[in-house]
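Novice:
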Amino acid sequence: MNVVLTVNGEARALDVAPNTLLVEILRSNLGLTGTHVGCDTSQCGACTVHLNGDAVKACTVLAAQVDGAQITTIEGIGTPDDLHPMQAAFRECHALQCGFCTPGMIMSAIDLVKNSPNLDEAAVRHGLEGNICRCTGYHNIVRAVLTAATQMGSRVS
Amino acid sequence: MSATGIGASVRRFEDIRFITGRGRYTDDINQPGQAYAVFLRSPYARARVVAVDRSAAMEVDDVLAVLTGRDMAADGIGDLPCGWLIKSNDGTDMRQPRHPPLAVERVNYVGEPYGVVIANTLAAAREAADAVVTDFEELAAVVSVSTATRSTQIHDNVPANRSYLWELGDKAATDAAFARAAHVTKLDITNNRLIPNAIEPRAAIGVYEKGTESFTLYTTSQNPHLARLVLSAFVKLAPEHKLRIVAPDVGGGFGSKIFIYPEETAVAWAARRLGRAVKWTSDRSEAFLADAHGRDHVTHAELALDAAGHFLALRVKTIANLGAYLSTFASSVPTILYGTLLAGQYRTPAIYVEVDGVFTNTAPVDAYRGAGRPEATYVVERIVETAARELAIDPTELRRRNFIQPADFPYQTPVALVYDIGDYEASLNKALALIDYAGFPARRTASHSRGRKRGIGFSCYIEACGLAPSKLATALGAGVGLYESGEVRVNPTGSVTVFTGSHSHGQGHETTFAQIVSDRLGIPIENVEVVHGDTGRIEFGLGTYGSRSVAVGGSALVKATDKVIAKGKKIAAHMLESESANIDFETGVFSVRASNRSLTFGEVAFAAYVPSNYPLDLEPGLSEKAFYDPTNFTFPAGTHIAEVEIDPQTGVVDVVNFVAVDDFGKVINPMIVEGQVHGGIAQGIGQALLEHGIYDETGQLITGSYMDYCMPRADDLPSFIVDTTVTACTHNPLGVKGCGEAGAIGAPAAIMNAVTDAIGIKDVAMPATPERVWRACRGE
């Protein structure tokens, strides 16, 4: 089937099988390998991207569902010279180690902050429950999200 | 200390690519014309492979081949070896079943690969794999570790399913000490089976160049040179010089990516057979079945004490589950890396341990973060805490009475190790202050008034890291030396490329190692690039595990850097018309002592490559290699304290406070070290409260996904209070000990001591799930 979508601001037209997953489109068809696959049960969150502005797990979105959609991936939120505040906070707070869960974690965290005018540690921990990290113990991820939230205009307690 | 030197929390260089989606993990790599592999895996715990009918599978469009273990054997591909020889009490070698990468006649665990389907597309490979019809004859399986020696014999050459019955320590002295003990504490505990679950699943791409008859294997490895050695020397894939192993960015390992597995071996072989690059990426379900698991001990322990509460002896009997085959280092984990740590931080004069290493029809069990040392700490720290309760002595006081004292070092334990240095009371005291131990009774009262049970638990762990002195390790059965190599290559413009045989898969070596080299050379850290993970670029290496990278790999770089400086002095002496003995090197400047004549590091580097004004007897160039073989293990140690609150109505355990005070010796990058501790604690709490790899009685894995295997998530954990004390390691040039495993080693005992303290019960099995805790609270 033909799918037209906008990825990181760029219009893309694809011919893919209807059962193709969004994460496969991103990784295989578009070469956007920053989005990762860590499980096969929609539990780990490594594949989290933004679909029309909301965080989704790209392993559970079918090609047909993204026709006409706006997709933002980790590659679309900042560059090494112009990091998104969440990216910068992850580095500053040492919120990543192996880096594999990190893109999904950052995309989830941005969505969490955007939808949470008030954040505290418990809210961040609850909000990131759908993203598994095996390296950091989450301690520094929580610090990074609270740090970035302040910079993104949320109230942090 | 400079802003980027040794001791500074330099922000990591590797982060930039990871936070912008520019990392390059194995599955991100594609090769021209690559085909895709899907493995045929046993649905049975034990079965005879009667026949594999490939006809329907070969009809599927785009299928290239359906290959089996027989095809592999016919091509001369050898068995997967175990690299550590353990001897039984009677002096005989451990018994090893044959372990072909693809099973031939029998399969011995659910998920064991016995064939591989290769196709032009992944979808076709999957469809064809489903179309293969395999006739199995199901056989009786052995699942319970406790009864394995009395069960059906799994392997023809392994009677009683026992690989070895291993012992360490003085049995007679231990028994004599028990005979005169004033008090004996006994404890039966299990160390639950864990499934490592690095978030990046394993992956591999085999590439074969016909013209040069050489392979390149991209793979998720913690030790690419070791993979090359094994694939060449044992598996006979190709001569070592015809094999290049690339382990690019690797998304976590925790031990599980040390081992040489069937799948990586098979894609390399298939690439040669088909003349195509062959790629395989594990899905999570495969990872649960086929990655090596960890822990899985059943232990009876006894501690003898005198009337004053001094430990007289420790006696331990452990049954260790090895799974269906001996994985790469499986035999060493419940023996050398376990029994030797049973002295803990204590002056226990006599220790005797016996370990029954048994096979079962489950996935192979091998090193997982801590590897033997968490199991040892769990035994020692649980039984010490239990003894304190039985004797009504404060558990910190009982530990103090028995600590090895600073004046006792070097300290020869009764279980083979010589601890070089430590100060165990310093860590304990700092941890007690950080958790406000004095305030605990009031906090417990407050919890009780809210209907909650509160407990506190201690774990004063020790580990042996910096693996390992090669002479000692090989004497104990290791099949490889355990030194590390490094190269410091100064480029003509004065920038430096550092090559290390260590491998970073989250540890931050690209930053830490750059700190070490730039600090010693006095050059900007931005001018140092660290290269790892490619046998084609790095001379040799043993990789990263056992908290060894800075202690061993970093020390190799110090040696290489010192050679660079020594050669630089010769060049500078010639150019400055002096003697090298008169040249000082400091903050990147070579200068003639007591003069104003000097050259920068960059000027000397340039001269080394444009040798116009240069010593006649000196080779051009400024690049130095070094191997570093440690003279002893390092002994990180510390105190972890957990405080938990339990709701007896639900059985939910809330970790309300966790303090870790660790002595890692000198610290290169405190930020990275704290991060390593956080991650280790999370895995330790995961073991204590959440994680459990469970097989049913027929050998089916019933915790085979993230829906069933409970990974620690953000809302399962507290923030941690982490601090350090420092006694510098006495035998490596950096004074470092290693930090990667401490959290996973210390945390489980601290948590379980706290849980049992809260409930007022001797033991709850790990993981202390709400159901188990709820039942325990009800006295069931």
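Chains A and B supply the protein sequences, listed in that same order.
Residue numbers for the first sequence follow the numbering used here, beginning at 861 and rising by one.
Residue numbers for the second sequence follow the numbering used here, beginning at 1004 and rising by one.
Just so it is clear, CB atoms sit at the ideal spot from N, CA and C, and this is done for glycine as well.
Restricting to runs no shorter than 3 residues, where is the beta strand (DSSP E) found entirely within the segment 1456 to 1531 of chain B?
Specialist: Here the runs fully enclosed are 1456 to 1465, 1487 to 1493 and 1499 to 1503.
Novice: State yes or no: is the C-beta of residue 969 of chain A within less than 8 Å of the C-beta of residue 996 of chain A?
Specialist: No.
Novice: Starting from residue 1268 of chain B, follow the alpha helix (DSSP H) in both directions and report where the run begins and ends.
Specialist: 1265 to 1277 is the extent of the alpha helix (DSSP H) around residue 1268 of chain B.
Novice: Is any beta-carbon of chain B found at less than 8 Å from that of residue 1006 of chain A?
Specialist: Chain B, which has no Cβ nearer than 8 Å to the Cβ of residue 1006 of chain A, makes this no.
Novice: Name, going along the chain, the residues of the segment 935 to 949 of chain A whose beta-carbon falls closer than 9 Å to a beta-carbon of chain B.
Specialist: Within the segment 935 to 949 of chain A, the qualifying residues are 935, 936, 937, 938, 939, 940, 943, 944, 946, 947 and 948.
Novice: Which first and last residues belong to the beta strand (DSSP E) in which residue 1728 of chain B is found?
Specialist: That run of the beta strand (DSSP E) goes 1724 to 1728.
Novice: Starting from residue 1626 of chain B, follow its DSSP beta bridges and name the residues at the other end.
Specialist: In DSSP, residue 1626 of chain B forms a bridge with B:1492.
Novice: Can you list the beta strand (DSSP E) stretches of 3 or more residues lying completely in the segment 1156 to 1236 of chain B, in chain order?
Specialist: Fully enclosed beta strand (DSSP E) runs of 3 or longer: 1165 to 1172, 1186 to 1194, 1206 to 1212 and 1217 to 1222.
Novice: List the residues of chain B whose Cβ lies closer than 9 Å to the Cβ of residue 876 of chain A, in chain order.
Specialist: In chain order: nothing, as chain B lies at least about 12 Å away.
Novice: Return helix, strand or coil for residue 1650 of chain B, following the three-state DSSP convention.
Specialist: Correct three-state label for residue 1650 of chain B: strand.
Novice: Any idea if residue 977 of chain A is buried or exposed, counting beta-carbon neighbours within 10 angstroms, 16 or more meaning buried?
Specialist: Residue 977 of chain A is exposed by the Cβ-count criterion.
Novice: Does the Cβ of residue 1097 of chain B have 16 or more other Cβ atoms within 10 Å, making it buried, or fewer, making it exposed?
Specialist: Classification for residue 1097 of chain B: buried.
Novice: Give, in chain order, every residue of the segment 1191 to 1221 of chain B whose Cβ lies closer than 9 Å to some Cβ of chain A.
Specialist: Within the segment 1191 to 1221 of chain B, the qualifying residues are 1199, 1200, 1201, 1202, 1203 and 1204.
Novice: Listed from N- to C-terminal order along the chain, which residues in the segment 973 to 994 of chain A have their beta-carbon within a distance smaller than 9 Å of any beta-carbon of chain B?
Specialist: Within the segment 973 to 994 of chain A, the residues whose Cβ lies closer than 9 Å to some Cβ of chain B are 981, 982, 984, 985, 986, 987, 988, 989, 990, 991, 992, 993 and 994, listed in chain order.
Novice: Just grab the DSSP bridge partners of residue 1316 of chain B for me.
Specialist: According to DSSP, residue 1316 of chain B bridges with B:1307 and B:1353.
Novice: So, using beta-carbon positions, are residue 1279 of chain B and residue 1037 of chain B closer together than 8 Å?
Specialist: In this structure, residue 1037 of chain B lies closer than 8 Å to residue 1279 of chain B by Cβ.
Novice: Using a C-beta to C-beta distance shorter than 8 Å, which residues of chain A count as neighbours of residue 1023 of chain B?
Specialist: Within chain A, the residues near residue 1023 of chain B are 894, 934, 935, 938, 939, 940, 943 and 947.
Novice: Counting C-beta neighbours from all protein chains within 10 Å, is the total for residue 945 of chain A 16 or more, i.e. buried, or is it exposed?
Specialist: The residue is buried, with at least 16 neighbouring Cβ atoms inside 10 Å.
Novice: Tell me which residues of the segment 1246 to 1267 of chain B have at least one Cβ-Cβ distance to chain A shorter than 9 Å, keeping chain order.
Specialist: Here the close residues are 1252, 1253, 1254, 1255, 1256 and 1257.
Novice: Run down chain A in chain order and give the residues with a C-beta less than 7 Å from the C-beta of residue 1286 of chain B.
Specialist: Residues of chain A passing the Cβ test: 900.
Novice: For residue 1743 of chain B and chain A, any beta-carbon pair shorter than 8 Å?
Specialist: Not an interface residue.
Novice: Output the boundary residues of the alpha helix (DSSP H) element that contains residue 1427 of chain B.
Specialist: That run of the alpha helix (DSSP H) goes 1427 to 1438.
Novice: Following the continuous beta strand (DSSP E) through residue 1594 of chain B, name the residue where it begins and the one where it ends.
Specialist: Taken as a continuous stretch (DSSP letters only), the beta strand (DSSP E) holding residue 1594 of chain B covers 1592 to 1595.
Novice: Answer with yes or no whether the minimum CB distance from residue 1684 of chain B to chain A is below 8 Å.
Specialist: So yes, residue 1684 of chain B belongs to the interface.
Novice: State the Cα-Cα distance for the pair residue 1183 of chain B and residue 1310 of chain B, rounded to the nearest angstrom.
Specialist: Computed Cα separation, rounded: 10 Å.
Novice: Kindly indicate the opening and closing residues of the alpha helix (DSSP H) around residue 871 of chain A.
Specialist: No alpha helix (DSSP H) holds residue 871 of chain A; the beta strand (DSSP E) holding it covers 870 to 875.
Novice: Give a yes or no on whether the C-beta atoms belonging to residue 966 of chain A and residue 1716 of chain B are separated by under 8 Å.
Specialist: Contact flag unset, no.
Novice: With contact counted as at least three CB pairs below 8 Å, one residue from each stretch, are the segment 1165 to 1180 of chain B and the segment 1317 to 1332 of chain B in contact?
Specialist: The segment 1165 to 1180 of chain B vs the segment 1317 to 1332 of chain B: in contact.
Novice: Using only CA atoms, which one of B:1272, B:1259 and B:1269 lies nearest to residue 1296 of chain B?
Specialist: When each option's Cα is compared against that of residue 1296 of chain B, the closest is B:1259.
Novice: Taking beta-carbon pairs under 9 Å, can you tell me which members of the segment 1666 to 1679 of chain B lie near chain A?
Specialist: The segment 1666 to 1679 of chain B vs chain A, Cβ under 9 Å: 1674, 1675, 1677, 1678 and 1679.
Novice: How about residue 1112 of chain B and residue 1048 of chain B: do their beta carbons lie closer than 8 Å?
Specialist: The answer is yes: Cβ separation under 8 Å.
Novice: Hey, would you say residue 1202 of chain B sits closer than 8 Å to residue 994 of chain A, going by beta carbons?
Specialist: Against a cut-off of 8 Å, the Cβ pair of residue 994 of chain A and residue 1202 of chain B comes out as a contact.
Novice: How big is the Cα-Cα spacing for residue 1508 of chain B and residue 1050 of chain B?
Specialist: Between residue 1508 of chain B and residue 1050 of chain B, the C-alpha separation is close to 37 Å.
Novice: When the Cα atoms are used, what is the spatial distance from residue 1044 of chain B to residue 1104 of chain B?
Specialist: Cα to Cα, residue 1044 of chain B sits roughly 12 Å from residue 1104 of chain B.
Novice: Measuring straight from C-alpha to C-alpha, what distance separates residue 1149 of chain B and residue 1701 of chain B?
Specialist: If I take the Cα positions, the gap works out to 15 Å.
Novice: How long is the line joining the alpha carbons of residue 847 of chain A and residue 932 of chain A, rounded to whole angstroms?
Specialist: Any property of residue 847 of chain A remains undetermined from this structure, which presents chain A solely from 861 to 1017.
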